[in-house]
Amino acid sequence: MGLLDDKDNPMELVGSLNFKEKVDRSFALIKEAYEKYGDGLVVANSLGKDSLVVWDLAKRVSLQIKGFIVTTRFQHKETINFMHKIVKRYPGLRVFQNDVEIPDGLYRTDPDRCCQLLKVEPTSRAIKEMGATCWVTGLRCTEGRTRTEFKEVEERDKGLLKLNPILIWKEREVWQYLALYSVQVNPIYKEGYRSLDCYTCTQITTDDNERSGRWVGTSKCGGECGIHTKTLINSEGEGI
13 MGLLDDKDNP MELVGSLNFK EKVDRSFALI KEAYEKYGDG LVVANSLGKD
63 SLVVWDLAKR VSLQIKGFIV TTRFQHKETI NFMHKIVKRY PGLRVFQNDV
113 EIPDGLYRTD PDRCCQLLKV EPTSRAIKEM GATCWVTGLR CTEGRTRTEF
163 KEVEERDKGL LKLNPILIWK EREVWQYLAL YSVQVNPIYK EGYRSLDCYT
213 CTQITTDDNE RSGRWVGTSK CGGECGIHTK TLINSEGEGI
């Protein structure tokens, strides 16, 4: 039985495996998935610290692995500049964005709808256009209250495997990897951010919950944009 079939409890693995064991496990998960899905394996890269670890691990598995970035009109300029630098270095990274017209202040009045249009829709489109049968994310179960129930291997959409290879990593282990392997990071972290997204909906926080600075003052505070909680392709093959 391979790691893709492993049924271990992720929350138990968080404390039982050391840093090297976690790195080896994450690498092995991506390698096994790539051997099974080949070009159908696609990495989602948010340009945040966690995605950069996954992208680096994936490129260590194979330089042929491709990926995509979903960006929005509300990204920090530092993130946009960093995105251009990363895409220039890795031509296999495609950029997706939804330029649909939206009401002013939608992120305040209806943040779920805003995320649906600007984050979920282009993610769904990226997965379909890139022919993904397995998409890889940087999601971690130690980030906050909404992420404790995820698994390393999921199938929210039939026929589309979702792989979360660093699910059991702690925040300090992410930074440890980035430092040890000299991975370039988004310079906006120098400002004190711990979880990155649109500047309209992200604040700097010192809370134990990394995501507590997201959607502050709304019902989504510390929550999810939707790409990890909704199906991305329905039974008719159309986006949400």
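At position 221 of the sequence shown (counting the first as 1) the number is 233 in my numbering, and the numbers step up by one without a gap.
The C-beta atom is built at its ideal place from N, Cα and C for all residues, glycine as well.
Please state the DSSP three-state secondary structure of residue i.
i           : result
residue 157 : helix
residue 79  : strand
residue 232 : coil
residue 122 : coil
residue 167 : strand
residue 132 : helix
residue 187 : helix
residue 179 : coil
residue 218 : coil
residue 173 : strand
residue 85  : coil
residue 152 : coil
residue 226 : strand
residue 17  : helix
residue 162 : coil
residue 142 : coil
residue 198 : coil
Taking the beta strand (DSSP E) that residue i belongs to, which residues open and close that run?
i           : result
residue 68  : No beta strand (DSSP E) contains residue 68, which is instead part of the alpha helix (DSSP H) from 61–73.
residue 107 : 105–108
residue 113 : Premise fails: residue 113 is in no beta strand (DSSP E) and is neither H nor E.
residue 53  : 53–56
residue 148 : 146–148
Taking the Cβ atom as the reference point for each residue, do residue i and residue j lie within a distance shorter than 8 angstroms?
i           : j           : result
residue 224 : residue 156 : yes
residue 80  : residue 101 : no
residue 214 : residue 205 : yes
residue 138 : residue 108 : yes
residue 22  : residue 151 : no
residue 172 : residue 148 : no
residue 82  : residue 131 : yes
residue 182 : residue 26  : yes
residue 146 : residue 52  : yes
If you draw a straight line from the alpha carbon of residue i to that of residue j, how long is it in whole angstroms?
i           : j           : result
residue 159 : residue 33  : 22 angstroms
residue 128 : residue 238 : 7 angstroms
residue 186 : residue 203 : 18 angstroms
residue 249 : residue 169 : Confidence in residue 249 is poor, its pLDDT being 34 and thus under 50, which makes the residue's placement too unreliable to answer from.
residue 162 : residue 177 : 11 angstroms
residue 29  : residue 65  : 18 angstroms
residue 229 : residue 47  : 44 angstroms
residue 240 : residue 226 : 15 angstroms
residue 87  : residue 103 : 21 angstroms
residue 85  : residue 110 : 9 angstroms
residue 19  : residue 50  : 23 angstroms
residue 217 : residue 198 : 17 angstroms
residue 136 : residue 242 : 10 angstroms
residue 126 : residue 211 : 13 angstroms
Which residue comes first and which comes last in the alpha helix (DSSP H) that contains residue i?
i          : result
residue 22 : 22–28
residue 42 : 31–49
| message | Under 8 angstroms: do the region 57–68 and the region 170–190 share three or more Cβ pairs, one atom per stretch? | response | yes
| task | Report yes or no: do three or more beta-carbon pairs, one from the region 83–92 and one from the region 38–45, lie closer than 8 angstroms? | result | no
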